[in-house]
Every structure is written in structure tokens, then in C-alpha cells.
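Below is one structure, written out as C-alpha cells; comments come after it.
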Amino acid sequence: MAVSGFEGFEKRLELQFSSHDPDIGIGLRELEFKFLEQVLHQVQCTVVSALGNQHFDSYVLSE
Amino acid sequence: SSLFVYPTKIIIKTCGTTQLLKSVQPFIHHARTLNLHITALRYTRGSFIFPQAQPHPHTSFQEEVAYLEDSIPASLCYRKASVIPSKLKSHSWHVFSAGAVEYSDNVPLDLYTVEVCMTDLDQTLARKFFRHPNDGKNGDSAGREMTEITGINRINQNAHICDFAFDPCGYSMNGIDGERYSTIHVTPEDGFSYASFECVASIYNDDMADMVKKAVRVFGPGTVSVATTSATQDMCARIKGAVEQLGMKCRSFSMDEFPAAGTVVFQTFTSRR
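Line by line, the protein sequences give chains X and W.
According to the working numbering, the first sequence is numbered sequentially starting from 6.
According to the working numbering, the second sequence is numbered sequentially starting from 12.
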């Protein structure tokens with residue numbers, strides 16, 4: 006494995022959700038940032054940059 | 012690596028030896044606090060270059076699938092795991108898909124996904140993703156400079172870009188354009204240089220082939236693989252034509268059907284150099 010910890014081709018995970026409640030609002034975007042950080046910690050990542058719009062939030066991560 | 016959070020969808024993409032699959036249960040658990048329940052999961056990856064360096068639950072695709080099967084509810088009953096081969100021994104595409112609803116062709120999913128993996132980057136182009144010592148910049152400002160000098164900002168002119176440059180080398184960016192995201196990750200070191208480009212589009216966008224071509228041109232790779240999920244055959248053919256216009260030769264075209272995700276097409280190309 007490379008010194009930088011790089012292991013080559015990425016792994017990609019996509020999860021889709023739904024609700025019985027017709028009015029989902031912003032749904033998962035309501036998750037608190039500290040929770041996202043907890044999950045990212047388990048995946049050995051931290052957020053280095055972020056950007057969002059009215060449709061979704063995006064985060065650039067570092068390992 | 013990147014994370015995208017939509018109201019009802021999460022996409023997380025990591026390279027390196029992260030234990031990505033351990034995020035499944037926490038995401039399911041916390042979505043439940045918002046009254047949201049999981050309806051589909053899709054896990055994809057290329058071939059591990061250093062498989063012995065992979066931690067549990069990634070030591071093999073069989074182990075990853077077993078771990079995912081245990082992590083999701085029985086309601087996601089349409090399941091399939093498959094390794095889509097290519098003529099290049101080092102390039103196979105691993106897919107695990109599970110869903111509560113069967114995919115049906117005549118109701119195409121809104122967005123389809125294109126995942127491009129590039130290796131053996133052109134050395135001159137890869138060198139642009141190294142930081143200059145004592146450049147007096149931070150990750151953000153150095154990332155912005157890399158975005159501009161490499162032309163990454165011209166792949167999708169409508170996208171707002173969030174970029175970051177790592178020290179001493181490496182680069183990541185996310186592009187956001189309405190509901191569409193795109194993302195690029197680069198490891199430029201000689202010997203295992205690698206770059207990825209991923210983008211989603213709806214069947215109403217017709218710029219995907221052109222964006223793939225521009226992204227591949229940024230890196231000048233020796234080998235390219237393109238995995239498309241839930242895209243039309245016509246779009247797969249257009250992407251093939253666009254990569255061939257760069258002088259690359261298609262070495263393999265394989266596909267597989269997934270009950271909860273539709274068709275995954277996996278194409279590999281090598282340069283003629």
C-alpha cells in the first residue's frame with residue numbers, strides 16, 4: 006500500500022431512504038453535523054471542505 | 012473522499028483502506044430518528060490493488076457482501092452481488108445492490124451514475140497535483156489553483172466547485188449543479204497514479220459523454236474504466252465513443268442486471284501509447 010495510505014480504486018456506498026410521512030422536508034439534511042462526524046470517524050475520514058445548495062449538501066473528506 | 016447528503020439519499024465515497032461499510036448501520040439508525048427507513052443500498056468498487064492491506068470487513072468481496080447482508084433489513088429483498096469482469100485482469104467491477112422495490116425499465120430512475128477510474132496518469136499532467144513547497148497556500152487556495160490550471164472547472168461550467176489540495180500532493184473536488192453532483196479524486200504519485208471522476212445525470216441531460224471526455228483529457232491516463240448504473244444503452248455507447256475520440260481503445264464491454272438497480276455496464280479502455 007502506498008505510504009500515503011492510498012489503496013487505489015475507491016469504495017462507493019449509496020443508501021436510499023423513504024418515509025411514511027408524505028412531508029419529508031429536508032430529511033437527512035437535518036442530521037446534525039456532529040453525527041456525520043461520528044460516522045466519518047468510524048470510516049477514518051474528516052471533513053476538510055463543504056458546499057451545499059437547495060437540493061443537497063456535499064463534503065470533501067480527508068483520510 | 013466525498014460525502015453527499017440529499018433529503019432521502021446518502022452517497023459516501025472513500026479511497027484508501029477505510030472501513031466504509033461500518034457506516035451503514037449508524038446511517039440507518041440515525042435516519043430512523045428522522046422517521047426515515049432504508050429502501051435501497053448499492054455498494055460498488057473496482058479491484059483492490061493491495062488486497063492484503065484491506066481491514067475487516069473489506070478483506071474480500073465475499074466478506075463485504077456477507078457484512079452488508081447482515082447490516083440491512085429483510086425488507087430489502089431484491090438483492091444481488093456480482094463481480095463484472097473485463098479483459099484486464101486488474102480491472103473488475105464489484106457490485107452489491109439491495110432494494111425493497113424492483114427496478115423497472117419503463118420507469119427509469121431519475122438519475123443515473125457514471126463512475127470513471129483512471130490509472131497510469133500522464134506524468135506531466137499528474138505533476139500539476141503536487142503542492143509547491145512553501146507555497147504559502149492552504150488546502151483550499153491550493154485546491155482552487157489546481158482546479159483552474161488543470162481545466163477541471165471547465166468540465167461542467169454550471170457547477171459550483173468545492174476543492175481541496177492535500178500536502179504534499181493529492182486533490183479532491185465536489186461539483187454541485189442543481190440536483191447533480193460530480194466529484195474528482197486524484198493520487199498523482201508515480202507508480203500508482205490514480206484519478207476518479209464520478210457524476211450523476213438525468214435522462215434529460217445530454218452532456219454526460221462530453222464531461223467524461225473532458226475529465227479523462229485532464230489526466231491523460233493509460234487505462235480507464237467506466238461503470239454506468241441505470242443509464243440507457245445509448246448513453247453507454249455515447250460515452251464509449253467520447254473516450255475513443257481521445258485515442259483510447261475499448262478493450263472490454265460487459266454488463267449485468269440488478270433487480271433493484273437496473274443495468275450496470277462496465278467498459279475498459281487503454282491508450283494506444
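The beta-carbon is built from N, C-alpha and C at its ideal position, and this holds for glycine as well.
Buried versus exposed, by CB contacts within 10 Å (16 or more), residue i
{"i": "GLN26(X)", "result": "As written in the sequence, residue 26(X) is Asp, which differs from the Gln given in the question. By the 10 Å Cβ count, ASP26(X) comes out exposed."}
{"i": "ILE160(W)", "result": "exposed"}
{"i": "TYR114(W)", "result": "buried"}
{"i": "ASP121(W)", "result": "exposed"}
{"i": "ALA170(W)", "result": "buried"}
{"i": "ASP146(W)", "result": "exposed"}
{"i": "THR239(W)", "result": "buried"}
Simplified DSSP state of residue i, which is helix, strand or coil
{"i": "SER82(W)", "result": "helix"}
{"i": "THR240(W)", "result": "strand"}
{"i": "PHE230(W)", "result": "helix"}
{"i": "ARG249(W)", "result": "helix"}
{"i": "GLN36(W)", "result": "helix"}
{"i": "HIS41(W)", "result": "helix"}
{"i": "PHE272(W)", "result": "Here residue 272(W) is Ala; the residue named in the question, Phe, does not match the sequence. Of the three classes helix, strand and coil, the one that applies to ALA272(W) here is coil, per DSSP."}
{"i": "GLU255(W)", "result": "helix"}
{"i": "GLN47(X)", "result": "helix"}
{"i": "LEU66(X)", "result": "strand"}
{"i": "ASP221(W)", "result": "helix"}
Rounded Cβ spacing between residue i and residue j (contact assumed at less than 8 Å)
{"i": "LEU132(W)", "j": "PRO199(W)", "result": "7 Å"}
{"i": "SER63(X)", "j": "SER213(W)", "result": "So it is not a contact: roughly 18 Å between Cβ atoms."}
{"i": "GLY13(X)", "j": "ILE60(W)", "result": "4 Å"}
{"i": "VAL76(W)", "j": "ALA51(W)", "result": "Wrong, their Cβ atoms sit about 16 Å apart, outside the cutoff."}
{"i": "CYS173(W)", "j": "ARG191(W)", "result": "Wrong, their Cβ atoms sit about 14 Å apart, outside the cutoff."}
{"i": "VAL237(W)", "j": "VAL94(W)", "result": "Rounded, the Cβ-Cβ distance is 17 Å, inconsistent with contact."}
{"i": "PRO18(W)", "j": "ARG34(X)", "result": "6 Å"}
{"i": "THR194(W)", "j": "THR234(W)", "result": "20 Å between Cβ atoms; not a contact."}
Residue-level contact to chain B via CB, residue i, 8 Å cutoff
{"i": "ASP28(X)", "result": "Considering every chain present, this structure includes no chain B. Its protein chains are X and W."}
Please list the segments of the beta strand (DSSP E) lying wholly inside the stretch 12-45 of chain X, counting only runs of 3 or more residues, in order along the chain. If we require 3 residues or more, the beta strand (DSSP E) runs fully inside the stretch 12-45 of chain X come out as 16-23.
Jot down the residue ranges of each uninterrupted alpha helix (DSSP H) in the stretch 127-173 of chain W, minimum 4 residues, whole runs only, in chain order. Runs of the alpha helix (DSSP H) spanning 4 or more residues and lying entirely within the stretch 127-173 of chain W occur at 134-137, 150-161, in chain order.
If contact is defined by three or more beta carbon pairs under 8 Å, each pair taking one atom from either stretch, is the stretch 211-228 of chain W in contact with the stretch 245-264 of chain W? Flag = yes, the stretch 245-264 of chain W and the stretch 211-228 of chain W touch.
Which runs of the beta strand (DSSP E), 3 residues or longer, sit entirely within the stretch 47-112 of chain W? Assignment of beta strand (DSSP E) within the stretch 47-112 of chain W, counting only whole runs of 3 or more residues, yields 48-56, 89-95, 104-110 in chain order.
Do the stretch 268-281 of chain W and the stretch 106-113 of chain W meet, that is, are 3 or more Cβ pairs less than 8 Å apart? Of all C-beta pairs linking the stretch 268-281 of chain W to the stretch 106-113 of chain W, three or more are shorter than 8 Å, placing the two stretches in contact.
Quick check: the stretch 67-76 of chain W against the stretch 46-55 of chain X, are there 3 or more CB pairs under 8 Å? No, because fewer than three Cβ pairs between the stretch 67-76 of chain W and the stretch 46-55 of chain X fall closer than 8 Å, the two stretches do not touch.
Is there contact between the stretch 223-236 of chain W and the stretch 24-38 of chain W, where contact requires at least three CB pairs shorter than 8 Å? Between the stretch 223-236 of chain W and the stretch 24-38 of chain W, the count of C-beta pairs closer than 8 Å stays below three; the two stretches do not touch.
Counting beta carbon pairs with one atom in the stretch 82-98 of chain W and one in the stretch 144-158 of chain W, are three or more of them shorter than 8 Å? No, because fewer than three Cβ pairs between the stretch 144-158 of chain W and the stretch 82-98 of chain W fall closer than 8 Å, the two stretches do not touch.
The stretch 44-58 of chain W in contact with the stretch 17-26 of chain X per 3-pair CB rule at 8 Å: Output reads yes: the stretch 17-26 of chain X touches the stretch 44-58 of chain W.
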